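**Student:** My structure is below; once you've seen it, I'll send some questions.
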Amino acid sequence: MLVLIDPRSAPEAFLHGRHLRRSLDAAIYLEGDAVFPLSLSHESACRVLEALAERYHAADVHSIVVLLTPEMAPRASEVAFWLLRRSTDRAYILRASDGPAQPEEWGLWAAERVRRDDEKIRLKTWKPDVPRIQTQHLLLTAPTPEQTEGYYHDIVGTTMFDTLCWNGPASVEELWEYDQMALRRFASGQAAPAHFAIIDRKTQKRIGGCSWRPSPMGPHRGDIGYTISPAWQGKGLGKQAVGALVDWVFSIRRPFRIEADVFVGNDRSRRLLTSLGFTLEGTCRCRESKAGRPVDEWLFALRREEWESRRSDAPASYPSA
Ligand SMILES: CC(C)(COP(=O)(O)OP(=O)(O)OC[C@H]1O[C@@H](n2cnc3c(N)ncnc32)[C@H](O)[C@@H]1OP(=O)(O)O)[C@@H](O)C(=O)NCCC(=O)NCCS
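Using my numbering, the letters of the sequence shown map in sequence onto residues 8 to 328.
So, in structure tokens, the structure goes:
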């Protein structure tokens, strides 16, 4: 649970915050002025919040009260976006100038509203604009929680992970957290990784996922990852999704080249890449580990010039890119 306090029009709002923290027995209490140097931009303050939230999450902290600064108060829902981690977490916003004037009474009053989950103080969290990449049959974008839950049940325990470094999610929550992390990356700007859910446009089901991961050396190169749930494989959808991802990456993120690492023997993935114009540049021995065993990998790459010269097909559309 996250409770934000808007301090505007309440000169001693820090007292309200301290009483609320006590009444709620919250694990963490942050006073905006103490946490963020005033010179920091809102964007930088959000980065600080993101780092703090990582630590709180790792320490299994479930209740946080934050006294916003007057500058941050108008963008409270964005603050909530950066601080929340679990699908079950709720965010609330309270104005210190509402309710009882005495800070102690205010703390009790506000805690009671939070405890009874008063929908009037519930805060809907901000979401960044996520691109919507459309192909003939697919939509690549951020998924809904329902789409992710359905996808989890479709993929868990299947062979889909045999040719991936990832062994699969341990729970729906883990997959949802990954989606939330992907949203934060979209909010972090052009140089960040991009992860899309692959949605079948007709059924609106989530059928896969694909990613662009810029290299730590810089965004001039990076690699892609992709997967389609077993029931949807072998129908040309993987190629459609990866083709659209590659078009988007070259058009929007503009690297010199895109790489893909494929477990040796994954012939469907190899065929998919070569039919999109990728070149097999080499085989890297013992490059990855799966179930404790070394795995050899093929390294594929597509240069921008090669992509440009092949781009005679109808391009994907990027309405909100
Ligand atoms: C690899 C994967 C994404 C491919 O997606 P898909 O939807 O199954 O593949 P498509 O139907 O689009 O087919 C891609 C190409 O492989 C070819 N292909 C299909 N089955 C094949 C097989 N058994 N062997 C070789 N090529 C095959 C297709 O003909 C197509 O080539 P074409 O367009 O030249 O005809 C999907 O199978 C998958 O998710 N596998 C498990 C996870 C994984 O391995 N991810 C990739 C990690 S590098």
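Glycine residues also receive a C-beta, built at the ideal position from the N, C-alpha and C atoms.
This one's a predicted model, so the numbers in the text were calculated from it and none came from an experiment.
Can the beta-carbon of W213 be found less than 7 Å from the beta-carbon of Y159?
**Tutor:** Indexing the sequence shown from 1 puts residue 213 at position 206. Indexing the sequence shown from 1 puts residue 159 at position 152. What sits at residue 213 in the sequence shown is Arg, not Trp. Going by C-beta atoms, R213 is not nearer than 7 Å to Y159.
**Student:** Output the distance between the C-alpha atoms of Y325 and R82, rounded to the nearest integer angstrom.
**Tutor:** Against the sequence shown, residue 325 aligns to sequence position 318. Against the sequence shown, residue 82 aligns to sequence position 75. Legend: pLDDT at Y325 = 48, less than 50; position of this residue unreliable, value from coordinates given subsequently. One C-alpha to the other measures close to 27 Å.
**Student:** Return the bridge partner residues of K134 from the DSSP annotation.
**Tutor:** Along the sequence shown, one-based indexing puts residue 134 at 127. None; K134 has no bridge partner.
**Student:** Which residues share a DSSP beta bridge with I265?
**Tutor:** For the purposes of this step, residue 265 is taken as the residue at position 258 of the sequence shown. For I265, which the question treats as bridged, DSSP gives the partners G229 and L309.
**Student:** Could you compute how far the alpha carbon of S327 sits from the alpha carbon of R139?
**Tutor:** Taking the first residue of the sequence shown as position 1, residue 327 is located at position 320. Taking the first residue of the sequence shown as position 1, residue 139 is located at position 132. Here the model assigns S327 a pLDDT of 42, short of 50, so the residue's position is not dependable, and the following value carries that caveat. About 6 Å.
**Student:** Are the segment 243-257 and the segment 277-291 in contact at 8 Å, needing three or more beta carbon pairs?
**Tutor:** Judged by Cβ distances under 8 Å, the segment 243-257 makes contact with the segment 277-291, as three or more pairs qualify.
**Student:** Do you know how far the Cα of R275 is from the Cα of V86?
**Tutor:** Residue numbering aside, residue 86 sits at position 79 when the sequence shown is read from its first letter. Residue numbering aside, residue 275 sits at position 268 when the sequence shown is read from its first letter. C-alpha separation (whole angstroms): 43 Å.
**Student:** For A321, count the other beta carbons within 10 Å of its own beta carbon; 16 or more makes it buried, fewer makes it exposed. Which is it?
**Tutor:** If you number the sequence shown from 1, residue 321 lands on position 314. With a pLDDT of only 48 at A321, under the threshold of 50, the placement of this residue in the model should not be trusted; the figure read from the coordinates follows. Exposed is the call here.
**Student:** Going by DSSP in three states, T76 sits in which element: helix, strand or coil?
**Tutor:** Position 69 of the sequence shown, counted from the start, is the residue given in the question as residue 76. Here T76 sits in coil by DSSP.
**Student:** Using the C-alpha atoms, what's the distance from W314 back to P237?
**Tutor:** Position 230 of the sequence shown holds residue 237. Position 307 of the sequence shown holds residue 314. Between P237 and W314, the C-alpha separation is close to 28 Å.
**Student:** Rounded C-beta distance between P152 and W116? I'm assuming under 8 Å.
**Tutor:** Here residue 152 refers to the residue found at position 145 of the sequence shown. Here residue 116 refers to the residue found at position 109 of the sequence shown. Wrong, their Cβ atoms sit about 32 Å apart, outside the cutoff.
**Student:** Bridge partners of V253, per DSSP?
**Tutor:** Numbered from its first residue, the sequence shown carries residue 253 at position 246. Answer is none; V253 lacks a bridge partner.
**Student:** Quick check: is any heavy atom of ligand 1 less than 6 Å from the C-beta of S7?
**Tutor:** Nothing about residue 7 can be reported from this structure: the residues present for the chain run from 8 to 328 only.
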